[in-house]
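Going line by line, the protein sequences match chains A and B. Just so we're aligned, residue 1 is where the first sequence starts under this note's numbering, counting upward by one. Just so we're aligned, residue 1001 is where the second sequence starts under this note's numbering, counting upward by one. Each residue gets a CB set at the ideal place from its N, CA and C atoms; glycine is no exception.
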Amino acid sequence: GAGVSQSPSNKVTEKGKDVELRCDPISGHTALYWYRQSLGQGLEFLIYFQGNSAPDKSGLPSDRFSAERTGGSVSTLTIQRTQQEDSAVYLCASSMTSGSGADTQYFGPGTRLTVL
Amino acid sequence: KQEVTQIPAALSVPEGENLVLNCSFTDSAIYNLQWFRQDPGKGLTSLLLIQSSQREQTSGRLNASLDKSSGRSTLYIAASQPGDSATYLCAVRRQGGSEKLVFGKGMKLTVNP
């Protein structure tokens, strides 16, 4: 596709359940990022992938959060035993990594997660 | 720790005004700075990216400037239109290390017809 896609667009789950969020980056983009946007906190970085490796996981809020990327393309963010404070919009972005400083991050539409 | 601030949090103006949106950051060791637009319920759309070696970038009615030494960027919107109504976010990527972006909390702009 032409842009970053994410699925599902909305997810409502019960506290304690596990959820998986999916991101399809722009074809050929080697870098992939997950961010979280919540009302009180603004946009926060979660994890960054270069290829299938994650050199920066520093934004993952707890060990209930994990992510993987396969084939240098699709990524899945998994939240185990969801809590109400996990409710937020989860945004994925991708970019080329040319090293020139001109690597624009392109964002998907996000997944709105609501934990009841 | 890099902190990005956007003040004010919201702005309401009549159509046709020229606008200046402000962004400040605490650590001047940045790799680049991006301005984004976010419409309600949507993802982010990149507007302009300024590399650390650049002073400004222009796209149509938009002009973004960067002053690294003072930790400031401005986004200038000429002849504002109702369609410009959105939340505008700035984000910086620091030099070295992770490629993550650190975002300000955004400024909600309303342009009234």
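Residue range of the beta strand (DSSP E) that residue i falls in?
| i | result |
| --- | --- |
| Ser-1046/B | 1044-1051 |
| Pro-55/A | 53-56 |
| Asp-24/A | 19-24 |
| Pro-1014/B | 1010-1014 |
| Glu-44/A | 42-50 |
| Asn-1022/B | 1019-1025 |
| Val-74/A | Unbroken run through Val-74/A: none, as it is neither H nor E. |
| Lys-11/A | 10-13 |
| Gln-1002/B | No beta strand (DSSP E) contains Gln-1002/B, which DSSP labels as neither H nor E. |
| Ala-2/A | Unbroken run through Ala-2/A: none, as it is neither H nor E. |
Consult DSSP for residue i and reduce its assignment to one of helix, strand or coil.
| i | result |
| --- | --- |
| Glu-68/A | strand |
Establish whether the CB of residue i and some CB of chain E are separated by less than 7 Å.
| i | result |
| --- | --- |
| Glu-1056/B | Given the protein chain composition of this structure (A and B), no chain E is represented. |
Going by DSSP, which residues form a beta bridge with residue i?
| i | result |
| --- | --- |
| Tyr-1088/B | Arg-1037/B, Met-1107/B |
| Ile-1030/B | Arg-1094/B |
| Ser-38/A | Gly-42/A |
| Leu-32/A | Phe-49/A, Ser-94/A |
Can you find the residues in the same chain that come closer than 6 Å, C-beta to C-beta, to residue i, ignoring five residues on each side of it along the sequence?
| i | result |
| --- | --- |
| Tyr-33/A | Tyr-48, Ala-93 |
| Lys-1108/B | Ala-1010, Thr-1087 |
| Ala-1091/B | Gln-1034, Leu-1101, Phe-1103 |
| Leu-21/A | Leu-77, Tyr-90, Thr-111 |
| Thr-1115/B | Since the displayed chain B opens at 1001 and closes at 1113, residue 1115/B lies outside it and no answer follows. |
| Leu-1049/B | Asn-1032, Gln-1034 |
Could you name the residues of the same chain whose beta carbon sits closer than 7 Å to that of residue i, not counting the 5 residues immediately before and after it, in chain order?
| i | result |
| --- | --- |
| Gly-1071/B | Ser-1024, Phe-1025, Thr-1026, Ser-1028 |
| Val-1111/B | Val-1013, Glu-1015, Ser-1080, Gln-1081, Pro-1082, Asp-1084, Ser-1085 |
| Lys-1042/B | none |
| Ser-118/A | Here chain A has residues from 1 to 116 only, and residue 118/A is not among them. |
| Val-1020/B | Thr-1074, Tyr-1076 |
| Asn-52/A | Arg-69, Thr-70, Gly-72 |
| Arg-1061/B | Ile-1077, Ala-1078, Ala-1079 |
| Asp-1039/B | Ala-1086 |
Once the 5 residues before and after residue i are set aside, which same chain residues still bring their CB inside 8 Å of it?
| i | result |
| --- | --- |
| Gln-1095/B | Ala-1029, Ile-1030, Tyr-1031, Ser-1052 |
| Leu-60/A | Leu-46, Ile-47, Ser-66, Ala-67 |
| Met-96/A | Gly-28, His-29, Thr-30, Ala-31, Asp-103 |
**Asked** Residue ranges of each beta strand (DSSP E) run of no fewer than 3 residues wholly in the segment 1048-1078 of chain B, ordered along the chain?
**Response** 1056-1059, 1062-1067, 1072-1077
**Request:** Entirely within the segment 80-116 of chain A and at least 3 residues each: give me those beta strand (DSSP E) ranges in chain order.
**Result:** 88-95, 111-115
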